[in-house]
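Just so we're aligned: 56 in UniProt numbering is position 56 of the sequence shown, and the numbers increase by one with no gaps anywhere. From the three backbone atoms N, C-alpha and C, an ideal C-beta is built for every residue, glycine too. Read through the structure below, which is laid out as C-alpha cells, and then see the notes.
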Amino acid sequence: MAFDVRGARPPGPALRHMTGRVSGVNGGISVGTRRGPLPGAAAAVVEGAVAGSLSPQLVQRLTEAAAAAAVAGGADDAIYGIPRSEWLQLQGPSRYLGNEVGAVRKPWGSADIRFCLTYPEIYEVGASNLGHIILYTVLNATAGLLCDRSYFPAPDMAALLARHGKPLFGVESRRPLRDFDCLGFSLAYELGGTNVLEMLRQAGVPRTWRERCEPVGAPWDPSSGSWPLVFAGGPTATSNPEPFADFYDFFALGDGEELLVEIGRCLQACRSKGLDRRSTLLQLARSVEGVYVPQFYEAPQGFGGSVVPIEEGVPARVKRRTCQPDPFQQIGLVPYVETVHDRMTVEIRRGCTRGCRFCQPGMLTRPARDVEPQRVVEAVEDGLRKTGPGRG
1 MAFDVRGARP PGPALRHMTG RVSGVNGGIS VGTRRGPLPG AAAAVVEGAV AGSLSPQLVQ
61 RLTEAAAAAA VAGGADDAIY GIPRSEWLQL QGPSRYLGNE VGAVRKPWGS ADIRFCLTYP
121 EIYEVGASNL GHIILYTVLN ATAGLLCDRS YFPAPDMAAL LARHGKPLFG VESRRPLRDF
181 DCLGFSLAYE LGGTNVLEML RQAGVPRTWR ERCEPVGAPW DPSSGSWPLV FAGGPTATSN
241 PEPFADFYDF FALGDGEELL VEIGRCLQAC RSKGLDRRST LLQLARSVEG VYVPQFYEAP
301 QGFGGSVVPI EEGVPARVKR RTCQPDPFQQ IGLVPYVETV HDRMTVEIRR GCTRGCRFCQ
361 PGMLTRPARD VEPQRVVEAV EDGLRKTGPG RG
C-alpha cells in the first residue's frame, strides 16, 4: 500500500519551462538555440528557469544533472553512434538517455557485477514503477555493484536502432545489454512476457536459457564473451514462474531489496573463483534463498503437482523472500517527460490483512508490514526536498 504525494515533483510550469531549456538530447543539452557541451551555461539556464519555485537542493541536483549530461555528450555530434539529428526526430528522446534528476552514474569499472533492470514497457510506465525505482536505488547503493536501466523502445526508437544496426542498450552507460552480467526483467503481469522476448531479440541475446548455455569449465564472464544471466522477478514471476521457465536462467521470488544484493554478492564470489555458467547458477540456487533455477528442477506434467529437484543440494521448495519496506529507498527519479504516475510515491504498508482469495497481491505479499508513521513523515519531507518545490 502506498500513497501519492501530489505536487512532490516540480509543478507543471516550473518543470516544463526548465525542460524546454535543458533537454536530454546528446545526453547533452540544448540551451535556447545553442547545443553542445556547455555545462556552465546549462546550469545557469536551470537556475534561472526554476529560481524561487524549487528548493535549493533540487536546483543543485538539476544543475549537476545538466552538467553531467553535457559531459556525457562529448564533443562529437552522435549518441551511441547515431547522429544527434536523428535523435531529435524521436518522440521523447529523453526516454532513452538516462539524464533524469536523481539518476545514478557509477563508473563502469567501479563494479564487479553489473545489473541492468530491463522493464518490458515503455519508459512512461517503467519509470513510474515503485519496485523498479527501489531496486535501482538499493543496487547502486551497494559497493561493488552497478545498476543501469533499459525500457521497451517505442516503434520509432526500435526502427532507429534497427536502421543503424545497434542493439538495445542501458540508458546511463549506453552499453549494449549483452555487456551486463545480469539482465533483470520485472513481470508485473502475464502479457508483459512477450515484450521481454522482443527486448532480448533487439538486444541480440538468445531467448532461452538452453541457447545461452556455455561449455563446462569456461569461466562465466560477459566481458569475455559470455551471455548475461537473464532473470525475472515481480508478482507474475513469483506467483507462477513455470510458464516462463524456458526463457530465464533464474527467478528472484518475492521482495527484491535484500535478495538482489545477495545475488550480487554471490555472483562476485563465483566470479572470483572462475566458476562456469552452470556452476554459478548452481551456487545461486544452493546458497541464496528465493532463487529458483528452472534447469535444476523437473516440472509436473498436466495440472497440479510441484516441481521436483533433479540436482543435489538445491532446495525442494524455494521460499519467497519478504523484507520490511523502507520509504527512503523510494525517492525516485524526476523524469523530463510526464510519466503515468507523475508524482512521488511513498509506501506505507506492504501486504494486506484481508486475505481475499481472489486477490493475487493479497496472497503474494503476506505478511502485512506497516512502516512507522514518523518514518513516513521523514521520508515525505526528504522526498520533497529532493524532488519538489521548496517549502521555505
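If you keep only unbroken alpha helix (DSSP H) runs of at least 4 residues inside the region 253–301, you get 257–273, 277–287. The alpha-carbon separation between G144 and T236 amounts to approximately 29 Å.
Within the region 130–196, complete alpha helix (DSSP H) segments of at least 4 residues are found at 130–140, 155–164, given in chain order. Apart from sequence neighbours up to five positions away, the residues of its chain that approach D77 with a beta-carbon distance below 6 Å are R84, ordered along the chain. For E86, the enclosing alpha helix (DSSP H) covers residues 84–87. Here A78 carries a strand assignment [DSSP, helix/strand/coil]. Apart from sequence neighbours up to five positions away, the residues of its chain that approach G362 with a beta-carbon distance below 7 Å are C352, R354, G355, C356, ordered along the chain. Contact annotation: R321 and G274 have beta-carbon atoms that are not nearer than 8 Å. By the 16-neighbour rule on beta-carbons within 10 angstroms, V308 is exposed. DSSP links C116 through a beta bridge to D148, L183.
Distance from the CA of Q360 to the CA of S239, rounded to the nearest whole angstrom, comes to 8 Å. Sequence-distant partners of A127 (beyond 5 residues in either direction) whose C-beta falls short of 7 Å from its own C-beta, in its chain, are L333, P335, T339. Apart from the 5 residues on each side of it in sequence, W220 sits with its Cβ closer than 6 Å to the Cβ of S226, D276, R277, T280 in its chain, given in chain order. Annotation: the continuous alpha helix (DSSP H) that includes T236 extends over 235–239. Of the candidates V293, P315, R349, R349 places its Cα closest to the Cα of Q330.
Listed in chain order, the non-local C-beta contacts of A111 below 7 Å within the same chain comprise G144, L145, L146, local neighbours out to five positions each way being set aside. Ranked by Cα distance from A103, the options L90, S150, K166 are led by S150.
Going by DSSP, T387 is part of the alpha helix (DSSP H) stretching over 373–387. In this structure, the straight-line span from the alpha carbon of A218 to that of N129 is close to 37 Å. Rounded to the nearest angstrom, the Cβ distance from P215 to P222 is 15 Å, too far for a contact under 8 Å. Linking G256 to T142 through their CA atoms gives a straight-line distance of about 14 Å. DSSP places F247 in the helix class (H, G or I) of the three-state scheme.
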